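**Student:**
Chains as they are written, first to last, in this note's numbering: chain R, 197 to 421; chain V, 197 to 421; chain X, 0 to 221; chain B, 0 to 221.
Okay, here's the thing in structure tokens:
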């Protein structure tokens, strides 16, 4: 199987972000998406700590740590960028002014429920951050994750067993094996990698996949890690 | 009787505004207060259309009509002034960040209820503006009015018969005849003009005045109209 | 390339159809998008509902629409039009319905719309005729009324400068309701006196980030 | 003359007593009022409740207070302190109570406090463990939960420049929660890197009007 690397998932997801979209990239894996935005499209990256119009990471020896994204990465700004405070930033999020939120996930359910903030044993020091606001407010939630956990358990499930971040919020799921869309309580498979059959994938999942009429191969170029 | 003119009421009220106070002046008569602010005190004038730190009126032939107060008067700004939008402006008002709101009144009740926006016959085109927000939100409401209407009716009443602007909100009442304070549902008289006795004034009112131990004469200098 | 710049006010208001609900920035006569409102007048649109602080005081824009009976419902805090009986006459003729809402409640109810909040509790108006029929609720012994969010199809705002991303800065007190309305869920059309290149407005000084603005058009030379 | 300038961080935090509730501006390690927090540490104040996005990541300020057990309750959206088990250890030792609130809900609940609004309905958190025990209510067929306003005695904020009236501007993303907390009902103390004369900050560019700030103190030279 030609499973995609995390960077390849990021690349593939980036191709689906249209010109002019306003996009929030969650910390961790989703931040990789910023490295692969199509250079011919203007895409406005939002960070919940109060920035719009983020460009590439800062380079050089003395980064400006007052110009960070929500993942504590010092970033540059594009012409047209703006700063604002947290109430305005979440006005954007909660009010539906963010087109796409890219989030990591521990589990996604058939109904589009998202669990991405707390592990089964719970944590003494939980970290929800802005994930629940994004899940509830962004117009589209693109999840980025490996389809199976390290122990082989599917992360795409009938019902989430982990504490939810949001219910019915996930729009699309970009994984190392397939791209899936949540449509009216069903998971539609849109792309699948070479080397695994639909039926083999289906056999590993507890949910029934709906096959998109336009099902095609999930591919990404080789990328430096 | 040496009844105070409107400008003299404004002058007298202005003397009671302390250094550093944040003050909103309602349109009409209250705007006169800005002409008599003690020059040795820094007082921050707020206007609900989004200004803080208002100075004297603009003079000269081409006033900047994008720099008006809430009464449509073009004004100057003091060093330290700021502009902000309406949601922030009423955040200031509703949230209790305005120390004193000076408002006109048709009626004030013994309980400090204020009626200043709608006449008994009602109006086809009512104008409440920001008066209800100020009545509910400012820390102190200083009312400025003549104590008696033209027909001789007292404007200080047991119960307002006109539609209310706010209930129990009035702190002090500056009039042409007396200065009164609303304290725990009673009207305390603090100053009275020369030429009328307390008993004569009491006889004209339907409410019982409490006489302040520090009762003194209400005086104001002669002022150009 | 993101380009929200529209060639003319006429083009900008084309999508506004009969019966539309409009947020109109402005206060007294300061900061109204008069070129957009004049274009709307010229277009012949009828049955409008407007949400603004007041009927604008000048002779253009909102005044023309009112005079011609194009506005069938006006939601405002201050409905008087000094020196004229226009509003009273329209009401007498059964041509205009009027809703009075306190100024700060209009501002916050529009912010709620933009911020994904269905309404808010306020002490403003408690005990007054404007509280009638509204939900009352006590918090910590103080009575509040619930004011629902205000919704509109379009927001017509006036700014000083803007760029093709839709970023806006305003001119002094002409800011007033404009940024709050721009930040609503409505389709926001901004009339600006000057169009600049992205980056000319400092990221620290932008009042309305461009994502809140859908179209931007330059004011006509006056 | 209005003069909110305080000679030193030590002087500025004197009124903060044991058991105080504090809004702390900052995000990750960006935009915290570390000089004020260090002065608070030096002063020996205990039993603090903090409301911030996260425990600050650096070694100063909030971290020192946490390490020394001075903060008995932390309300935040993100309680992890990367690279350390400090928070977990404090909880194990029974020294720290923790409340997790979504980041946007913290911001809006603080804004509510400042704006005279007792709380707000939000879709954020509906269907999650953080909605448990909260009032649920449907508006137009959508379920919201009620989040009460957050209150504090003091707000410790960090800004770039300020004047004796208390007007503030911020440095880039160090703005974050600071203006929202400054606009609360709390007694606001601002640490600024530079003190300027009133009028030097343009009225168009001031982010926090001075009426929201009670004391202002210059950052120590570093």
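Using N, Cα and C, we set each Cβ at its ideal position, and we do this for glycine too. Remember, it's a predicted structure, so these values are computed and weren't measured experimentally.
Kindly list, in the order they appear in chain X, the residues whose Cβ is closer than 7 Å to that of residue 240 of chain R.
**Tutor:** Correct list: 210.
**Student:** Is it buried or exposed for residue 214 of chain X, if we count other Cβ within 10 angstroms and need 16 for buried?
**Tutor:** Residue 214 of chain X is buried by the Cβ-count criterion.
**Student:** Where does residue 196 of chain B fall in DSSP's three states?
**Tutor:** Residue 196 of chain B: coil per DSSP, three-state reduction.
**Student:** For chain X, find out if any of its Cβ atoms is closer than 9 Å to the Cβ of residue 184 of chain B; answer yes or no.
**Tutor:** Chain X contact via Cβ: absent.
**Student:** Which whole-angstrom value is the C-beta distance of residue 146 of chain B and residue 108 of chain B, which I expect to be below 8 Å?
**Tutor:** With a Cβ gap of about 5 Å, residue 146 of chain B and residue 108 of chain B count as contacting.
**Student:** Which of the residues in the stretch 113-129 of chain X, read from start to end, lie with their CB under 7 Å from any CB of chain B?
**Tutor:** Within the stretch 113-129 of chain X, the qualifying residues are 115, 116, 117, 119, 120, 121, 122.
**Student:** What does residue 22 of chain B touch in chain X if you count any residue whose Cβ is under 9 Å from its own?
**Tutor:** None at all; the shortest Cβ gap to chain X is about 19 Å.
**Student:** Distance cutoff 9 Å, beta carbons only. Does residue 156 of chain X sit that close to anything in chain B?
**Tutor:** Residue 156 of chain X does not count as touching chain B.
**Student:** Could you give the DSSP three-state label for residue 416 of chain R: helix, strand or coil?
**Tutor:** The answer is coil: DSSP assigns residue 416 of chain R none of H, G, I, E or B.
**Student:** Please confirm whether residue 198 of chain X has its beta-carbon closer than 9 Å to some beta-carbon of chain R.
**Tutor:** Closer than 9 Å: yes.
**Student:** When burial is assigned at 16 or more other CB atoms within 10 Å of the CB, is residue 112 of chain X buried or exposed?
**Tutor:** Buried is the call here.
**Student:** Along chain X, which residues have their Cβ under 7 Å away from the Cβ of residue 253 of chain V?
**Tutor:** Residues of chain X passing the Cβ test: none, with the nearest at roughly 14 Å.
**Student:** In whole angstroms, what is the alpha-carbon distance linking residue 90 of chain X and residue 320 of chain V?
**Tutor:** Spanning the two alpha carbons is a distance of roughly 7 Å.
**Student:** Can you name the residues that DSSP bridges to residue 220 of chain R?
**Tutor:** BP columns for residue 220 of chain R point to R:242, R:297.
**Student:** Output the distance between the C-alpha atoms of residue 273 of chain V and residue 263 of chain V, rounded to the nearest integer angstrom.
**Tutor:** Cα to Cα, residue 273 of chain V sits roughly 9 Å from residue 263 of chain V.
**Student:** Would a C-beta distance cut-off of 9 Å place residue 229 of chain R and residue 301 of chain R closer than the cut-off?
**Tutor:** The answer is no: Cβ separation not under 9 Å.
**Student:** Hey, residue 386 of chain R and residue 372 of chain R are a contact pair by Cβ (cut 8 Å); roughly how many whole angstroms apart?
**Tutor:** Actually they do not touch by this definition, with Cβ atoms about 15 Å apart.
**Student:** Can at least three beta-carbon pairs, one atom from the stretch 310-318 of chain R and one from the stretch 388-400 of chain R, be found at a separation below 8 Å?
**Tutor:** The stretch 310-318 of chain R is not in contact with the stretch 388-400 of chain R.
**Student:** Find the residues of chain B that neighbour residue 279 of chain V, judging by a C-beta separation of less than 7 Å, and give them in chain order.
**Tutor:** Result: 202, 203.
**Student:** Please check if any C-beta of chain X sits within less than 9 Å of the C-beta of residue 338 of chain R.
**Tutor:** Chain X, which has no Cβ nearer than 9 Å to the Cβ of residue 338 of chain R, makes this no.
**Student:** Using a C-beta to C-beta distance shorter than 9 Å, which residues of chain B count as neighbours of residue 275 of chain V?
**Tutor:** Neighbours of residue 275 of chain V on chain B, chain order: 162, 164, 196, 197, 198, 199.
**Student:** Show which residues of chain B have a CB atom less than 9 Å away from the CB atom of residue 138 of chain X.
**Tutor:** 117, 118, 147, 148, listed in chain order.
**Student:** Mapping the DSSP letters down to three states, classify residue 111 of chain B as helix, strand or coil.
**Tutor:** Three-state DSSP puts residue 111 of chain B in a helix.
**Student:** Note down, in chain order, every chain B residue with its Cβ under 7 Å from the Cβ of residue 290 of chain V.
**Tutor:** Those are 114, 115, listed as they occur along chain B.
**Student:** Could you tell me the boundaries of the beta strand (DSSP E) in which residue 375 of chain R lies?
**Tutor:** Element bounds for residue 375 of chain R: 374-379.
**Student:** Determine the chain V residues that contact residue 103 of chain X at a beta-carbon separation under 7 Å, and present them in chain order.
**Tutor:** By Cβ distance, chain V contributes 286, 289, 290, 326, 329.
**Student:** Please state if the CB of residue 153 of chain B and the CB of residue 181 of chain B are separated by a distance shorter than 9 Å.
**Tutor:** No, these two residues do not count as a Cβ contact at 9 Å.
**Student:** Within the 9 Å Cβ cut-off, does residue 77 of chain X reach chain V?
**Tutor:** Yes - at least one Cβ of chain V is within 9 Å of the one on residue 77 of chain X.
**Student:** Residue 352 of chain R and residue 303 of chain R: beta carbons closer than 9 Å?
**Tutor:** Yes.
**Student:** Using the beta-carbon count (16 or more within 10 Å), is residue 245 of chain V buried or exposed?
**Tutor:** Counting Cβ neighbours within 10 Å, residue 245 of chain V comes out buried, since at least 16 surround it.
**Student:** Quick one: measure Cβ to Cβ for residue 375 of chain V and residue 414 of chain V, integer angstroms, because I've assumed they're closer than 8 Å.
**Tutor:** Confirmed, about 6 Å.
**Student:** Report the option in R:409, R:235, R:269, R:361 whose CA atom is closest to the CA atom of residue 172 of chain B.
**Tutor:** Residue R:269 is the option with its Cα nearest to residue 172 of chain B.
**Student:** Just the C-alpha distance for residue 140 of chain B and residue 66 of chain X, rounded to the nearest angstrom, thanks.
**Tutor:** Straight-line Cα distance between these residues: approximately 39 Å.
**Student:** Quick one: give me the first and last residue of the beta strand (DSSP E) that residue 395 of chain R is part of.
**Tutor:** No beta strand (DSSP E) holds residue 395 of chain R; the alpha helix (DSSP H) holding it covers 394-400.
**Student:** Are residue 224 of chain V and residue 286 of chain V touching if we call contact CB-CB under 9 Å?
**Tutor:** No, they are not a contact pair.
**Student:** Taking residue 8 of chain X as part of the alpha helix (DSSP H), name the residues at either end of that continuous run.
**Tutor:** Residues 8-11.
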